[in-house]
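For reference, each letter of the sequence shown is one residue, going 1 to 213 in this note's numbering.
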Amino acid sequence: MTSDVTEKDKRDQLQIANKPDDVAVLVNKQNKLPANYTPSDLVEPNVPFIFKEKEERRLMRKEAAKALEELFNAARKDGIDLAGVSGYRSFDSQKSLFTYYISVQGEETARQYSAEPGHSEHQTGLAMDVSDTKGTCAAEDCFADTPHAKWLDKHAPEYGFIIRYPKGKEAITGYNYEPWHIRYVGTDIARTIQREGITLEEYHQRKTELTKK
């Protein structure tokens with residue numbers, strides 16, 4: 001793993017994660033990962049995916065991958081069959097994807113759903129986009145109306161995951177509602193976020209305020 005802070009980052013006055021391996025790391029439009037950051041413990045979780053290719057998007061960090069397996073198994077017992085859509089994404093992959101979305105949707109629309117390279121949670125190896133096993137409504141707004149989304153909203157925190165971009169919090173997260181995007185933060189933090197109805201941004205803000213008292 002390499003973590004280089006560039007002069008451009010300093011000029012842009014962005015917050016650069018000083019603990020990118022922390023499972024609670026905050027990555028958003030104002031907070032970016034160090035240049036060339038790559039998790040050192042990426043593995044492939046033993047879960048279904050909606051694609052057959054052996055690609056990097058199958059990967060997650062080891063702790064998150066184990067939790068994802070437990071989450072999928074629990075969902076299956078409740079009659080909810082989940083599948084992975086997109087997990088880890090390198091800086092270069094995110095750059096290509098972001099550029100593509102801008103070319104198709106225009107920059108303003110693209111920024112509502114897609115992150116600039118270095119600002120994507122997928123690069124942390126802690127996020128996974130999910131759907132049903134048929135890929136119905138995969139990464140689409142209609143996923144919100146599925147029993148899979150409702151199950152995740154209720155049970156994901158039991159396994160350390162949060163709905164990273166919840167409905168009604170767009171002004172805080174900077175992104176539109178994405179019920180398919182789950183992020184591993186550990187069970188304690190996930191349950192706190194669910195119980196208090198807050199975002200990861202608000203969790204970090206409260207934590208910062210407490211340390212100042």
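Idealized CB from N, CA, C, for every residue including glycine. Keep in mind it's a predicted model, so treat the numbers as computed, not measured.
* To do: Pull up the CB-CB distance for I80 and W180, whole angstroms please, since I reckon it's below 8 Å.
  => Working through the sequence shown from its first residue, we reach residue 80 at position 80. Working through the sequence shown from its first residue, we reach residue 180 at position 180. So it is not a contact: roughly 13 Å between Cβ atoms.
* To do: Please name the residue, chosen from Q94, D78 and V85, that lies closest to A110 on a Cα-to-Cα basis.
  => For the purposes of this step, residue 110 is taken as residue 110 along the sequence shown, with counting starting at 1. Of the candidates Q94, D78 and V85, the one whose C-alpha sits nearest the C-alpha of A110 is Q94.
* **Close beta carbons around F49, own chain, < 7 Å, minus the five adjacent residues each side** => For the purposes of this step, residue 49 is taken as the residue at position 49 of the sequence shown. The answer, listed in chain order, is R58, A83 and G84.
* Asked: Excluding the five sequence neighbours on either side, which residues of its own chain have a C-beta within less than 7 Å of the C-beta of L71, listed in chain order?
  -> The residue labelled residue 71 in the question sits at position 71 within the sequence shown. Result list for L71: A156, Y159 and F161, in chain order.
* Is there contact here, the segment 135 to 146 with the segment 191 to 201, by at least three beta-carbon pairs under 8 Å? -> no
* Which ranges would you report for the alpha helix (DSSP H) in the segment 104 to 169 if only whole runs of at least 4 residues count? -> 107 to 113 and 147 to 155
* Asked: If you run the structure through DSSP and keep just helix, strand and coil, what is T208?
  -> Within the sequence shown, the letter at position 208 stands for residue 208. Note: T208 maps to helix in three-state DSSP.
* Nearest to D129 by CA position, among E170, Y37, A190 and S86, is which residue? -> Your numbering for residue 129 matches position 129 in the sequence shown. That would be S86, whose Cα lies nearest to the Cα of D129.
* Asked: Would you report the Cα separation of T146 and P166, rounded to the nearest angstrom?
  -> Here residue 146 corresponds to residue number 146 of the sequence shown, with the count starting at 1. Here residue 166 corresponds to residue number 166 of the sequence shown, with the count starting at 1. Cα to Cα, the separation comes out at about 15 Å.
* Who pairs with L42 in a beta bridge, going by DSSP? -> Locating residue 42 in the sequence shown gives position 42, counting from the first residue. According to DSSP, which records beta bridges pairwise, L42 is partnered with R61.
* Going by alpha carbons, who is nearest to Q112 out of E170, K154, G118 and Y88? -> On the sequence shown, residue 112 is found 112 positions in, with the first residue counted as 1. Among E170, K154, G118 and Y88, the Cα nearest to that of Q112 is on E170.
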